[in-house]
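A quick write-up on the structure given underneath.
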Amino acid sequence: MDTSEFFIFILEYVAKSEYSWIANWAAIVVLVSTTIYIFFNIYYSVPITKFKKDLTKIFNFGKAKLKDVNSSPYDEKLLNNKYFVYFSVGYFYTITFFSILYSIVFFLIGFEVGTNIDLLWYKQLIAIFIGFIFLFISRLFKVQGDKELHKYRTNKIQRYTQPNRSNARTQSLIGLSSSNELRIALHYKDAASILYKSDAYQDAIALPFLFLIRQFLELGLKYNIKQLSKVSNCNDLLAKLNGTHDLETIYQAFLTHYRGAKKELGVSKIKEQKYLDALEKLVKKIIPLDHDSQGFRYAINKKGQKIIAQDETFNLKEVFDLLEDTSTILMATEDILGLDQSA
Numbered sequence: 013m014d015t016s017e018f019f020i021f022i023l024e025y026v027a028k029s030e031y032s033w034i035a036n037w038a039a040i041v042v043l044v045s046t047t048i049y050i051f052f053n054i055y056y057s058v059p060i061t062k063f064k065k066d067l068t069k070i071f072n073f074g075k076a077k078l079k080d081v082n083s084s085p086y087d088e089k090l091l092n093n094k095y096f097v098y099f100s101v102g103y104f105y106t107i108t109f110f111s112i113l114y115s116i117v118f119f120l121i122g123f124e125v126g127t128n129i130d131l132l133w134y135k136q137l138i139a140i141f142i143g144f145i146f147l148f149i150s151r152l153f154k155v156q157g158d159k160e161l162h163k164y165r166t167n168k169i170q171r172y173t174q175p176n177r178s179n180a181r182t183q184s185l186i187g188l189s190s191s192n193e194l195r196i197a198l199h200y201k202d203a204a205s206i207l208y209k210s211d212a213y214q215d216a217i218a219l220p221f222l223f224l225i226r227q228f229l230e231l232g233l234k235y236n237i238k239q240l241s242k243v244s245n246c247n248d249l250l251a252k253l254n255g256t257h258d259l260e261t262i263y264q265a266f267l268t269h270y271r272g273a274k275k276e277l278g279v280s281k282i283k284e285q286k287y288l289d290a291l292e293k294l295v296k297k298i299i300p301l302d303h304d305s306q307g308f309r310y311a312i313n314k315k316g317q318k319i320i321a322q323d324e325t326f327n328l329k330e331v332f333d334l335l336e337d338t339s340t341i342l343m344a345t346e347d348i349l350g351l352d353q354s355a
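What follows is the structure in structure tokens.
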């Protein structure tokens, strides 16, 4: 008996054995794992990676051109219509439901649950594979439905903020606006920008403008400290965080937690220095005038002394120019480090 005849004999013996299902499933596991291994080796190889980048550049260029020639000034009005959004959300979620239903059916077929059909192992594998495809499709449609729903809710909020609407200023969603400290901080930042760009005399808006900036910094830094502390492996200021308004202390604690989180997560190749520099500059401009949230609110301290000198002047433009880069680092920290964004 040569080698080939021996293997044929073994395979026939296994096929007739009562334990043949073990061999079948072992073959499935080996086949699937081998396929996955080969796929990822090819997918992440240098030539394929370079090809994907080139293809992405070509696709993005073509996509931009196609969008430009296919855009109508009336598209936005239709897409933002609440009835159209209702239909879109319902459509995407309905497809999601049926895709999940189909995936369950194919999983049951693949695992031979609730059926009298005796499938060959490769047909079982195909059924399971199709089940995963439908599961993936359901995820895609669910995400699209979420986007449509989020867009509608966002537009609903924006409609309440438009001054030319009949319901302007009559119904503010302050519950949603205060869902976490970062969102509140960004509202302070937006209010400061609106105030700065207004036609009001600069001396009249200076203190309110700077107070809004300071609130933005304090709340934004505190929020990030809480989030970073989940992975930073340090407890700096956590116990006293809600009870302090010392901006220098809060800022230094943020840096400690930020560096600790980067170290713990092994994240190093992040080009965030530009934004960290903007944050540092902004904090250092605010601290001399109001380190403990008193200077922009009161004229006299507890000792009866003038908090801001009578002849003090300030360049509001320098502060305003730092706002965008500062808000970028405070908003993007969670995404950069891949943190859980639940407040």
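No gaps in the numbering here: position 307 of the sequence shown is 319 in our numbering, and each next residue is one more. Idealized CB from N, CA, C, for every residue including glycine.
Proximity below 7 Å, CB of residue i to CB of residue j
i    : j    : result
F123 : G143 : no
E160 : V97  : yes
K286 : L334 : no
L249 : A265 : yes
H303 : E260 : yes
S111 : S150 : yes
F308 : L222 : yes
A203 : G232 : no
K339 : K238 : As written in the sequence, residue 339 is Ser, which differs from the Lys given in the question. Against a cut-off of 7 Å, the Cβ pair of K238 and S339 comes out as no contact.
N236 : T325 : no
G126 : L120 : yes
Secondary structure of residue i, DSSP reduced to three states
i    : result
K318 : strand
I282 : coil
I312 : strand
S249 : Per the sequence presented here, residue 249 reads as Leu, with Ser not at that position. L249: coil per DSSP, three-state reduction.
I169 : Unreliable placement is indicated for I169, whose pLDDT of 48 sits below 50; the coordinate value is still reported in the next sentence. It is helical.
E324 : coil
Q214 : helix
T182 : coil
I299 : coil
K242 : coil
Spatial neighbours of residue i in its chain, beta-carbon cut-off 6 Å, leaving aside the 5 residues before and after
i    : result
L229 : none
S305 : H257
T173 : For T173, the pLDDT reaches just 47, beneath the cut-off of 50, and the residue's location in the model is therefore unreliable, although a value from the coordinates is still provided. Cβ within range, chain order: n/a, list empty.
N359 : No answer is possible for residue 359: the residues shown for the chain start at 13 and end at 355.
Close Cβ partners of residue i (< 7 Å) along its chain, the five nearest in sequence each way excluded
i    : result
N72  : none
Y114 : F146
G157 : V101, F104, Y105, T108
Among the options, nearest to residue i - alpha-carbon criterion
i    : options                : result
K275 : L233, L224, L240       : L240
N247 : L259, L231, G102, L267 : L267
F332 : K318, K283, K315, I225 : I225
H162 : E330, L188, G74, F141  : L188
Proximal residues to residue i (C-beta, below 8 Å), its chain only, five neighbours per side dropped
i    : result
Q214 : L328
Tell me the start and end of each unbroken beta strand (DSSP E) in the region 42-73 that is at least 3 residues and wholly inside, in chain order.
-> none
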